[in-house]
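A short worksheet on the structure shown next.
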Amino acid sequence: MQLDYHRPRTIEEALALLGEVEGAMPVAGATDVWVNLRAKKIAPTALVSLREVAELAGLRREGTTLVIGAATPHGVVEDCQEIAAEFPALHRACSSVGSRQVRNVGTVGGNLCNAAPSADSAVPLLLYDAECVLRSRTGTRRLPVADFFKAPGRSALAAGELLTEIRMELPGPRTWSGYWKHTRRKAMELPLLGVGALVALAEDGETVAKARIALGVAAPVPIRAGDAEAALVGQRLTRETVEAAAKIAADGAQVRDSWRGKAWYRREMIRVLIPRVLGEAGAFGNES
Amino acid sequence: MEKIVHFEVNGVTVSGRAEAGWCLLRVLRVELKLKGAKEGCGVGECGACTVIVDGAAVNSCLYPAFEVEGKRVTTIEGLASSDGSLHPIQQAFVDKGAVQCGYCTPGMVLSAKALLDRVPDPTEDQIRTALAGNICRCTGYAQILEAVRSVSGEAKP
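Residue numbers (my numbering), protein chains in the order written: chain A, 4 to 291; chain B, 2 to 158.
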């Protein structure tokens, strides 16, 4: 294939190339881009590799904010014990993408920019109210992850824009979260359904102060089940209240038949997995 | 766009011709005649093309050739000693009957090596996770896992 391949060292260089080179697209780990290129689903005339842009990769803390460089491989998140402890749903999701070989190069940012409805990292990022930072040559803007997915395969990235960081606040005390990737086999598989849930209890140790329920492959883009969340807030955190909320989430999901699973099955598993995710996260039995 | 990429393979500095649309697998097999890595699927799902780049197992079929500039690559050809004696992981695969057609073997051995170099005494779960990206159609995996278990918990060269 006729292709140019550039390796900028800074964000400025990368943005300049994206702005000036006709038909250029950014690439990080290449695990999606390369496959799509070979299958002729995309036909850029130039690739702007982000792998040498040190500013784009790595995990850091700014006070209580976790900042994930967009070009951070999933494997780096997988190997990070702090993220496993503080953002368990994100840790589980990133650790489940593809295989170790894929996770060693494929990036969190790339997973979002590829914008598949099945993107594993998206569901936990919705739970943690994460924000995407987008940079262009003219400035910077921030978007909640919820607004980053526009349609299957289409993100909110404008031409000449780069996703540079994903930012999220450390969850407060009395918070439990988890992610379940529902698959037909144990590895090297896209989810047929992704279920994430987070609850935070109020100071009384009983009442749900905050609830997040996020679903992948239950709509054209990863979504939050707002009605189900609202049904939980202000309630006592019990299996019954969670199961009632899970039913609301299941009934409201825009699931479809696909070759990985039928709509009825996805709907049923949303109902089953939300309580299971919270149970496994240790959310029940914590009433003070 | 074409260039010469300079990198290290199995401890030796090499240079190979590469085009922008080539993957590392092609550079290794076609330019450097290192045929150990195999193209099983070409889309990063089977692991037969696995090599180690800067300590990390990667699918060389998806690794853009231009990215290998300045990197240290280990292929299966780099494991045995110069006197021909096998690396302990290779020997374990032989001893445990973990090689049938042999097509998956280079990738399996390198995925195992990448794990053991980082985690010398892995749990069963860590072994399975490390090999999850390598498909074997012959053995049913039992002997492969047995081979990797047998060299876990030992210091290796």
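We treat Cβ as the ideally placed atom computed from N, Cα and C, and that holds for glycine.
{"Asked": "Residues bridged to Trp183(A) (per DSSP)", "Found": "Val198(A)"}
{"Asked": "Distance, Ser83(B) Cα to Glu85(A) Cα", "Found": "42 Å"}
{"Asked": "Glu15(A) to Asp254(A) span [Cα, whole Å]", "Found": "47 Å"}
{"Asked": "Nonlocal neighbours in the same chain, by C-beta distance under 6 Å from Ala248(A), ignoring five residues either side", "Found": "Ala231, Ala234, Leu235"}
{"Asked": "Limits of the unbroken beta strand (DSSP E) element including Tyr104(B)", "Found": "That residue, Tyr104(B), is in no beta strand (DSSP E); it is neither H nor E in DSSP."}
{"Asked": "Simplified DSSP assignment, three categories, for Leu130(A)", "Found": "helix"}
{"Asked": "Beta-carbon proximity of Pro123(B) to Ser153(B), cut-off 7 Å", "Found": "yes"}
{"Asked": "Whole runs of the beta strand (DSSP E) within the region 205 to 283 of chain A, excluding any shorter than 3 residues", "Found": "211 to 219"}
{"Asked": "Range of the contiguous beta strand (DSSP E) that encloses Pro29(A)", "Found": "27 to 30"}
{"Asked": "Proximal residues of chain A, C-beta to C-beta of Ser112(B) below 8 Å", "Found": "Arg103, Gln104"}
{"Asked": "CA-to-CA distance, Leu240(A) to Pro127(A), given in whole angstroms", "Found": "20 Å"}
{"Asked": "Chain B within 7 Å of Leu160(A), Cβ atoms only", "Found": "no"}
{"Asked": "DSSP state of Met109(B) mapped onto helix, strand, coil", "Found": "helix"}
{"Asked": "Ser291(A) at chain B interface by Cβ criterion, 7 Å", "Found": "Below a pLDDT of 50, predicted positions are generally treated as unreliable, and Ser291(A), at 46, falls in that range; no measurement from the model is reported."}
{"Asked": "Residues that Cys135(A) bridges to, as DSSP identifies them", "Found": "Leu146(A), Ile169(A)"}
{"Asked": "Residue nearest to Glu283(A) in terms of C-alpha spacing, selected from Ala149(A), Ala200(A), Ile273(A), Lys213(A)", "Found": "Ala200(A)"}
{"Asked": "At least 3 beta-carbon pairs within less than 8 Å: the region 85 to 98 of chain B vs the region 21 to 35 of chain B", "Found": "no"}
{"Asked": "Assigned exposure category for Ala119(A) - 16 Cβ within 10 Å defines buried", "Found": "buried"}
{"Asked": "Assigned secondary structure, Arg103(A) (DSSP; H/G/I helix, E/B strand, else coil)", "Found": "helix"}
{"Asked": "Residue from Leu50(A), Pro225(A), Thr13(A), Tyr8(A) whose Cα sits closest to the Cα of Leu59(A)", "Found": "Thr13(A)"}
{"Asked": "DSSP three-state assignment for Val44(B), whether helix, strand or coil", "Found": "coil"}
{"Asked": "In DSSP terms, what Glu3(B) is bridged to", "Found": "Glu20(B)"}
{"Asked": "Chain-ordered chain A contacts of Thr51(B) [CB-CB under 7 Å]", "Found": "Gln104"}
{"Asked": "Segment limits, beta strand (DSSP E) that includes Thr75(A)", "Found": "Where Thr75(A) is concerned, there is no enclosing beta strand (DSSP E), given that its DSSP letter is neither H nor E."}
{"Asked": "Simplified DSSP assignment, three categories, for Asn135(B)", "Found": "coil"}
{"Asked": "Between the CA atoms of Ala88(A) and Ser291(A) - distance to the nearest angstrom", "Found": "Only weak support is given to the placement of Ser291(A): the predicted model assigns it a pLDDT of 46, under 50, and the value that follows is read from those uncertain coordinates. Between Ser291(A) and Ala88(A), the C-alpha separation is close to 22 Å."}
{"Asked": "Nearest-angstrom Cα separation, counted from Leu132(B) out to Val54(B)", "Found": "16 Å"}
{"Asked": "Closest Cα partner of Ala217(A) within the set Gly197(A), Ala133(A), Glu192(A), Ala162(A)", "Found": "Gly197(A)"}
{"Asked": "For Arg54(A), the nearest candidate out of Glu243(A), Lys250(A), Leu193(A), Thr110(A) (CA to CA)", "Found": "Thr110(A)"}
{"Asked": "Pro76(A) beta carbon less than 7 Å from that of Ala154(A)", "Found": "no"}
{"Asked": "Alpha-carbon spacing of Arg103(A) relative to Arg242(A), whole angstroms", "Found": "35 Å"}
{"Asked": "Inter-stretch contact at 8 Å, needing at least 3 Cβ pairs: the region 24 to 33 of chain B / the region 57 to 71 of chain B", "Found": "yes"}
{"Asked": "Endpoints, the alpha helix (DSSP H) within which Phe94(B) is located", "Found": "89 to 96"}
{"Asked": "Cross-chain neighbours of Tyr8(A) in chain B, by beta carbon under 7 Å", "Found": "Met2, Ala21, Pro65, Phe67"}
{"Asked": "Exposed unless 16 or more other CB atoms sit within 10 angstroms - verdict on Trp183(A)", "Found": "buried"}
{"Asked": "Cα-Cα separation between Val74(B) and Gly175(A), rounded to whole angstroms", "Found": "43 Å"}
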